[in-house]
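Chains as they are written, first to last, in our numbering: chain A, 1 to 395; chain B, 1 to 242; chain C, 1 to 242; chain D, 1 to 360; chain E, 1 to 315.
For every residue, glycine included, the Cβ atom is placed at its ideal position computed from N, Cα and C.
Every value quoted in this text rests on a predicted model; they were computed, and no experiment measured them.
Structure record follows, encoded as structure tokens.
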Amino acid sequence: MSNPPNTPTSSVSFFNNPKNRAIIFQVLALGFVVFLAYYFANNMFANIEARGIETGFSFLDQVAGFGISQTLVAYDDGSSTYSRVFLVGVLNTLLVSGIAIFFTTILGLLIGIGRLSNNFLVAKLSMVYVETFRNIPILLQILFWYNVVLAALPSPRQSLSYFGEYFLNNRGFLMPRPIMEDNSGYILAALILACIGVFFLARWAIKRHDDTGEEFPIFTVGGAIILLAPVLVYFVAGQPISSEIPELKGFNFKGGWVIIPELLALAFALSIYTATYIAEAVRAGIESVPKGQKEAANSLGLKEHVILRKVILPQALRVIIPPVINQYLNLVKNSSLATAIGYPEIVTLFSGTTLNQVGQAIEIILMTMAVYLLFSIVISLLLNWINAKMEIKGR
Amino acid sequence: MIRMENVNKWYGDFHVLKDVNLNVKKGEKVVICGPSGSGKSTTIRCLNHLEKFQQGKIFIGETELIEDVKIVRHIRSKVGMVFQHFNLFPHLSVLENLVIAPTWVHKKPRKEAIETAMYYLDRVKISDQANKYPNQLSGGQQQRVAVARCLCFNPEIMLFDEPTSALDPEMVSEVLDVMVELADEGITMICVTHEMGFAKKVADRVIFMDGGQIIEENEPHTFFEQPESDRLKLFLDQILSH
Amino acid sequence: MIRMENVNKWYGDFHVLKDVNLNVKKGEKVVICGPSGSGKSTTIRCLNHLEKFQQGKIFIGETELIEDVKIVRHIRSKVGMVFQHFNLFPHLSVLENLVIAPTWVHKKPRKEAIETAMYYLDRVKISDQANKYPNQLSGGQQQRVAVARCLCFNPEIMLFDEPTSALDPEMVSEVLDVMVELADEGITMICVTHEMGFAKKVADRVIFMDGGQIIEENEPHTFFEQPESDRLKLFLDQILSH
Amino acid sequence: MAIYDIKEAKPAPINNRGLVFWLRKNLFSDIKNSLLSLFCIYFLFITVPPALDWLIFSATWSGSQEDIVKDGARWIFIIEKFDQFIYGFYPENLHWRPLFVAALTVAFVASVKLLNNIKLKIVIILLYPFVSIVFIHGGLFGLETVETNKWGGLMLTVIVAAVGIIASFPIGILLALGRQSNMPIVKTLCVGFIEFVRGVPLITILFMASVVLPLFFHDGIDFDKLLRALIGITLFQAAYIAEVVRGGLQAIPKGQYEASESLGLSYWQGMILIILPQALKISIPNLVGSFISLFKDTTLVLIIGLFDILAMVTLTNSDSNWLGYEVEGYVFVTFIYWIFCFSMSQYSKSVERRFNTELK
Amino acid sequence: GTLENVVKKGELNCGVSTGIPGFSATNSKGVWEGIDVDFCKAIASAVLGNADKVKYIPLTAKERFTALQSGEIDVLVRSSTWTSSRDTSLGLNFAGVNYYDGQGFLINKKLGISSAKELDGATFCIQAGTTTELNLTDYFKSQKMEYKAVTYDTSGQTIDGFKKGRCDAVTSDASQLYGLRLKMDDPNSVMVLPEIISKEPLGPVVRQGDDDWFNVVRWSLFAVLEAEELGITMANVDAQMKSDNPSVKRLLGTSGDAGASLGLDAKWAYNMIKQVGNYGEMFDRNVGKDSPLNIDRGLNKLWNQGGLMYPMPIR
Ligand SMILES: Nc1ncnc2c1ncn2[C@@H]1O[C@H](COP(=O)(O)OP(=O)(O)OP(=O)(O)O)[C@@H](O)[C@H]1O
Ligand SMILES: Nc1ncnc2c1ncn2[C@@H]1O[C@H](COP(=O)(O)OP(=O)(O)OP(=O)(O)O)[C@@H](O)[C@H]1O
Ligand SMILES: [Mg+2]
Ligand SMILES: [Mg+2]
């Protein structure tokens with residue numbers, strides 16, 4: 001039962017130990033990367049030095065001195081600085097992304113459901129939609145829609161007018177700007193109160209359902225309260241909001257709010273393009289719920305809306321949401337293509353105009369990239385959180 | 001309790017159910033068997049309107065089954081169905097699976113619904129699993145949950161579509177036990193199954209379907225011992241030699 | 001041939017192997033059995049360094065098994081392993097599966113490797129399947145290919161990890177036959193299996209593991225007929241009643 | 001108790017068959033559906049005939065600008081500028097060279113698919129890019145050099161996409177392996193690179209490549225603009241490929257790694273012989289998907305002043321003899337892109353289907 | 001330095017625009033033409049003796065300076081305005097002025113105005129990253145008027161936006177406006193307003209800190225101007241080689257060492273004039289009276305004819 005123990009061949013060669021190998025390899029890799037970084041940085045500084053290019057972020061405090069066609073925060077072309085330009089760009093990116101995300105979600109949802117429709121035409125048209133717009137580069141679509149939008153709209157003097165307060169022309173879509181007067185605070189208060197009220201109403205409705213099984217139409221009632229309360233207060237408080245109606249003065253409209261055509265075209269193109277991906281995600285999500293689930297719910301006698309809310313959606317959303325959020329991120333990144341049609345978002349304003357006026361390419365491009373990285377980090381954190389929340393147990 | 005009168009159904013041009021006539025009295029237990037594709041599932045799925053049919057009439061109790069949302073829902077609340085793959089809701093705990101129909105369909109208070117649910121879970125002997133999720137249970141346990149889910153709204157009729165065929169052999173007898181127990185309580189029951197032991201033990205009547213029609217029906221003893229039609233003989237040969 | 005000295009292994013905080021001592025002589029055939037999770041797989045996976053261990057020593061032949069790329073590769077070329085799920089390479093034909101190690105690890109000329117491969121395929125009686133792909137073979141045939149793949153580099157020791165448990169009952173005896181034949185040729189063999197018939201027939205020694213340690217070892221007759229420890233008695237009861 | 005006669009199958013009732021039934025079932029099953037159908041029909045009615053009319057029936061297909069009488073598309077513009085759309089500024093007398101490379105590519109794909117001899121395959125695979133570059137760029141074997149600033153049009157689009165995918169492939173695989181490895185530093189570096197690149201838009205990377213990259217090198221080192229764009233695109237694509245390949249690697253059962261280890265294969269042998277062939281095979285549909293994205297993204301080189309097919313359309317539109325033909329140009333480019341992308345996506349779907357049936 | 005590099009490569013990398021008619025644009029055969037292009041050619045013939053040894057690198061406005069800084073191009077001839085900040089903080093040097101320009105407005109005649117002062121509240125199409133953007137702000141601030149700007153990436157897009165009615169006016173260097181006007185479907189429906197709101201001296205740019213190369217570019221410019229002043233043209237340059245005029249002899253290299261001190265061939269100026277012509281010829285051919293643009297020479301006349309073009313003496 002025993003072999004005499006031989007002296008083990010334990011002269012471990014240093015390089016044959018996998019641990020050592022891993023360490024050596026990693027040190028080499030790290031060294032290579034550090035060297036590369038050093039080499040680039042070194043060249044960069046040498047080049048910058050040799051060519052007398054300024055460095056640092058002091059340019060952010062200089063006055064920019066150019067006009068921007070859409071600014072969400074106060075911006076004065078004679079006195080605002082480049083840091084303000086940066087902020088304007090970021091906000092404009094967020095604005096167009098937000099609008100596009102809103103519409104692409106609705107459109108994608110409709111098309112995705114449409115693809116599963118038992119109406120032959122709806123299903124086929126949805127498919128054609130997806131296969132068409134998904135296979136055309138987004139840049140081409142942006143250029144195309146911009147040209148179409150501009151070509152289709154009339155000049156300011158021939159504006160299409162709605163209710164005498166809303167106007168559509170090739171300078172954009174104009175609408176009245178609300179002007180808050182003294183008592184307008186009450187309206188805001190009413191809105192907030194209504195929201196709080198509806199929140200408690202919803203809790204009460206759930207409790208009542210738990211206690212008695214009676215359903216309460218919380219969506220209709222809640223929606224009505226949130227809508228009606230501010231309106232009511234508006235009249236009670238003596239109509240404290242007036243509006244500044246856009247007016248044709250000279251060759252342009254003055255006053256009011258305006259949505260510029262670049263924003264329209266960009267939001268439109270982004271929505272249409274991204275919706276194809278969202279539609280596919282929605283379809284995959286709904287198809288991922290086995291047919292038996294619906295049958296089982298039916299055989300329990302559940303109503304259609306309860307089936308949708310309690311059985312189908314919770315399972316489908318789990319599959320739908322991650323790809324959809326990734327598409328949101330893609331949409332934000334694609335909004336950078338606005339530079340082709342001159343919508344003033346971060347890339348146009350900062351990597352474009354500012355870069356050219358200031359000439360500090362490295363700082364400016366890094367700052368631009370940092371903005372997008374920040375977006376993507378926030379979105380992936382959100383995604384992880386949602387994934388963790390929606391996980392089905394026991395899989 | 002259940003009356004099917006000359007029910008005909010087509011899938012496109014394919015004639016699946018041919019003049020099916022079936023009468024089941026209150027408390028009766030009927031087993032349906034037959035080769036694969038003979039229309040057994042389709043027949044019982046017609047009974048709670050999971051499938052539409054094109055000709056004929058079906059009555060559940062006094063009510064005729066017509067395409068009307070209210071009536072369909074009313075009938076479904078009287079008819080419980082247990083599927084081959086159980087179709088539990090994987091995102092809900094066992095308890096929630098049981099509570100969902102009573103609270104949303106029968107407007108029961110949640111507390112009451114939970115009590116009932118626990119009662120039935122107890123009856124199928126898995127009340128200790130109430131807070132687990134379906135995927136954490138074995139096949140046999142899942143099947144019991146499915147049975148309990150139906151029982152929760154106290155149906156007058158239970159339909160079973162091959163409730164044991166997806167189970168490991170050990171589980172089969174477990175589930176059959178539950179069904180036998182149910183049968184003893186006098187509930188009306190239609191069961192598609194090939195478990196001959198079960199048929200012999202509890203069925204009042206066994207029905208043999210083939211090619212979309214009822215070929216032969218009889219009480220179990222005669223059915224198995226003295227089959228009349230050739231097709232049934234052939235079929236019994238096959239499953240018994242097995 | 002194989003010597004394990006006080007081998008200890010932890011997964012995180014979980015102590016999987018507790019002071020395992022094992023001596024296997026050249027040509028000896030050892031069967032390891034024990035309940036699920038008792039550390040059987042872990043033990044034999046340590047022998048060709050698929051798992052690391054934290055304490056103790058293992059000698060294969062004269063060589064101590066240490067973390068050194070060369071030595072590990074040397075030892076692996078002496079030790080063949082057959083997995084429960086065979087782990088054939090599905091993208092390679094049967095012949096390529098057999099040829100890959102000799103040509104790439106042992107630097108044999110391809111022609112020679114093919115000859116050896118055909119020889120061993122012949123020995124496991126599937127030389128006619130040489131050009132098929134693993135997925136086109138039955139479980140039993142796949143298992144034979146896995147055995148042949150090991151034999152191709154002429155190992156001194158063969159390890160089997162439950163080689164039959166993924167097979168249909170008919171296949172089991174087929175595969176066991178191949179193993180018996182191998183055993184007769186005098187190769188050293190360690191086999192994790194619950195096939196008691198096999199153990200009785202070929203094993204020189206049977207080892208019972210539980211909770212990460214060796215509880216009892218004996219020659220087969222005594223092992224099965226006069227188990228000493230209570231745990232083994234219980235275990236044998238279970239598997240025999242089954 | 002009872003035994004019944006066997007009945008013949010009857011045809012379905014008339015209201016359950018035929019065109020009328022099909023229409024009822026698929027288009028007019030209830031009021032909501034009927035409304036939807038009517039809306040769709042109306043929509044098709046107002047869009048399809050005018051579109052077809054503009055595209056085909058009223059279009060001008062030949063002749064000169066003076067001959068345009070009809071109100072439809074003026075395809076003569078496309079025909080006139082066709083060579084520029086395809087070859088950019090590539091010298092006219094040398095157009096046979098890109099054409100030859102196109103033919104070569106077909107032959108290459110065919111031979112890789114059909115040949116069985118692995119060694120020959122590898123030789124061909126290694127030789128192909130080299131031969132293609134020599135033919136397009138020239139400068140060797142007595143071929144006249146054609147500078148990259150003369151490349152343009154569809155040719156440039158295809159080159160950018162092809163180089164992007166070919167060059168990014170090995171880098172992507174290395175990144176994927178790095179991300180899967182258990183060496184913390186290597187892993188961190190790879191994860192950092194991948195996530196960074198995936199987090200920023202391609203055009204910022206292109207800006208970086210076109211504007212900043214030259215600052216990173218010594219004075220003497222002078223990269224071609226196209227080359228810099230290609231470097232940017234390759235790094236970008238590599239990060240996406242890495243994620244696709246990682247998906248494939250994760251799908252390979254652990255047993256495959258163990259088996260290759262237990263046979264004594266080293267890490268790289270195991271990877272190259274056992275794991276990667278399987279992982280890449282399952283990744284094919286996703287690889288094609290990421291290739292389609294890249295192909296679409298090539299349009300962005302327009303923004304850094306390279307003249308791909310889309311940029312050629314904008315450029316040819318500033319020819320003062322041919323003003324106002326953007327629409328035809330855009331439609332043409334749209335069509336080209338659509339054909340390419342759609343056929344690729346159909347291909348990847350067919351591959352996916354084949355895998356699904358092969359799965360056992 | 002750059003000079004040696006260019007000689008070694010045998011080719012001049014010249015940065016031009018992506019399409020400004022008359023300055024640098026491709027013709028229908030895809031060949032580059034324009035006054036800026038001609039100046040590239042002139043430098044190439046001075047340095048390499050061959051006007052065709054130029055590699056044109058089309059650049060958008062925002063790429064141009066970085067391309068020069070990074071060494072991608074040897075010289076930038078892309079209608080770039082000479083300003084103090086560009087000359088100092090961008091690390092660039094302007095070698096001279098090859099076109100005196102000013103910013104003007106292009107409007108649709110339908111607007112019915114005749115002066116820029118009536119443009120209060122108008123929307124302008126402009127190109128990103130140019131001095132135009134800044135001047136516009138200054139001008140409207142000083143006039144206490146309001147305006148809106150739509151900023152595009154390239155001049156092509158700018159004029160497209162104008163064509164489609166996105167803006168009331170295009171503002172840009174006046175010279176460009178004439179070119180852009182030709183891009184309209186009906187050039188007569190638009191007009192250039194008389195006001196010039198800024199000084200736009202356009203000239204070739206080189207990197208700072210490379211004086212040899214700077215000299216070559218600067219004196220190439222002076223040489224073509226000097227040639228015009230001396231009446232040396234493409235057609236008569238061979239005959240002028242025999243001229244006794246000392247200035248001509250110094251310029252054409254038959255006496256003196258102007259070429260050598262620049263590090264160039266003695267026939268450097270001869271090559272330029274022979275292959276590209278003098279400044280007047282370049283001007284007339286590309287933007288002046290022999291071109292569709294038909295721009296008046298105005299400030300770009302020689303000093304002795306009432307203009308600002310004043311070549312420094314070559315001696
Ligand atoms: N949606 C459908 N469309 C067309 N044919 C169908 C459809 N569903 C079922 N069938 C056909 O109808 C016939 C009856 O199906 P059914 O499921 O009722 O058979 P079954 O007797 O339950 O068989 P099994 O024992 O296999 O469950 C089969 O031939 C089947 O192929
Ligand atoms: N990677 C791991 N991490 C943590 N614990 C593990 C890991 N692999 C195995 N174990 C645990 O180690 C113990 C021994 O596992 P091992 O696979 O050796 O058991 P076994 O005797 O082969 O069982 P079986 O008969 O089921 O194959 C088990 O309790 C198992 O849960
Ligand atoms: Mg069935
Ligand atoms: Mg095991």
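Legend entry - Assigned exposure category for residue 363/D - 16 Cβ within 10 Å defines buried: Nothing about residue 363/D can be read from this structure; chain D reaches only from 1 to 360.
Legend entry - Backbone secondary structure at residue 171/A - three-state DSSP: coil
Legend entry - Near-chain E residues of the segment 18-41 of chain A (beta-carbon distance less than 8 Å), N- to C-terminal order: none
Legend entry - Under the three-state DSSP convention, the category residue 149/E falls into: strand
Inset, instruction - Pick helix, strand or coil for residue 95/E, following the three-state DSSP scheme. - result: coil
Inset, instruction - Assign residue 223/C to one of two classes, buried (16 or more other C-beta atoms within 10 Å of its C-beta) or exposed (fewer than that). - result: buried
Legend entry - Host beta strand (DSSP E) of residue 276/E (start-end): It is not in any beta strand (DSSP E) - residue 276/E carries neither H nor E in the DSSP assignment.
Legend entry - Spatial distance of residue 216/D from residue 46/A (CA atoms): 9 Å
Inset, instruction - Please confirm whether any heavy atom of ligand 5 lies closer than 7 Å to the CB of residue 16/B. - result: Looking at this structure, you won't find ligand 5 anywhere; what it does contain is ligand 1, ligand 2, ligand 3 and ligand 4.
Legend entry - Heavy atom of ligand 1 within 7 Å of residue 11/B beta-carbon: yes
Inset, instruction - Quick one: grab the DSSP three-state call for residue 31/D. - result: helix
Legend entry - residue 20/B classed as buried or exposed, judged by whether at least 16 other C-beta atoms fall within 10 angstroms: buried
Legend entry - Contacts of residue 24/C in chain D (Cβ-Cβ under 8 Å): Residues of chain D passing the Cβ test: none, with the nearest at roughly 18 Å.
Inset, instruction - Rounded to whole angstroms, what's the CA-CA distance from residue 244/A to residue 166/A? Just pull it up for me. - result: 11 Å
Legend entry - Where the alpha helix (DSSP H) through residue 210/C begins and ends: Premise fails: residue 210/C lies in the beta strand (DSSP E), 205-210, not in any alpha helix (DSSP H).
Legend entry - Within 8 Å, strictly: CB atoms of residue 193/E and residue 115/E: yes
Legend entry - Against chain C: residues of the segment 79-111 of chain D by CB proximity under 7 Å: none
Inset, instruction - Figure out for me which residue from 128/C, 123/C, 178/C, 99/C has the closest Cα to the Cα of residue 112/C. - result: 99/C
Inset, instruction - Report the three-state DSSP secondary structure of residue 248/A (helix, strand or coil). - result: strand
Legend entry - Chain-ordered neighbours of residue 67/C on chain A, where CB pairs are closer than 8 Å: 12, 17, 18, 19
Legend entry - Contact set between residue 114/A and chain E, taken where Cβ atoms lie within less than 7 Å: Within chain E, no residue comes near residue 114/A; the closest Cβ sits about 33 Å away, beyond 7 Å.
Legend entry - Between the CA atoms of residue 163/B and residue 318/A - distance to the nearest angstrom: 29 Å
Legend entry - Within 8 Å of chain C by C-beta, residues of the segment 271-291 of chain D in sequence order: 273, 274, 277, 278, 281
Inset, instruction - Report yes or no: is there a C-beta of chain A within less than 8 Å of the C-beta of residue 10/B? - result: no
Inset, instruction - Could you tell me whether the segment 49-64 of chain E touches the segment 278-297 of chain E, where touching means 3 or more Cβ pairs closer than 8 Å? - result: no
Inset, instruction - May I ask you to list the residues that DSSP assigns as paired with residue 57/B? - result: 5/B
Legend entry - Per-residue contacts from residue 54/A into chain E (C-beta, under 7 Å): 89
Inset, instruction - Inspect the beta-carbon positions of residue 272/E and residue 235/E and report whether they are closer than 8 Å. - result: no
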